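Residue numbers (the working numbering): 1383 to 1489. Working notes, structure below.
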């Protein structure tokens, strides 16, 4: 599959975002993690939709969703970087890599 690198990155991002959101809910001060949790969930959802559409290899114009996916991954990475927890830092890295793969695909 010609998009396997992007699909792998999307899958990695989905897994990290879902894990990060779950771990954030276990933090002592969950209120300070609300933005992180919300962005994790949104990012995982958009990456899931993007991966599903890409895997279908249809003639659908994927530029708008890939562009949005890139933007959301960048936002999620920025939010996660604000937190010192390992799960947030790992999620930030996965989101940053996914944003880069989306950008690469779009160029």
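Glycine residues also receive a C-beta, built at the ideal position from the N, C-alpha and C atoms. Nothing here was measured: the structure is a model prediction, and the numbers come from that model.
Of the residues 1420, 1427 and 1391, the one whose Cα lies closest to the Cα of residue 1462 is 1420.
Just measuring C-alpha positions, the residue of 1488, 1479, 1486 and 1406 sitting nearest residue 1393 is 1479. Restricting attention to alpha helix (DSSP H) runs no shorter than 4 residues, the stretch 1411-1481 encloses them at 1416-1438 and 1445-1463, ordered along the chain. Here residue 1477 is not near residue 1406, since their CB atoms are 8 angstroms or more apart. Counting along the chain, the unbroken alpha helix (DSSP H) around residue 1389 starts and ends at 1386-1406.
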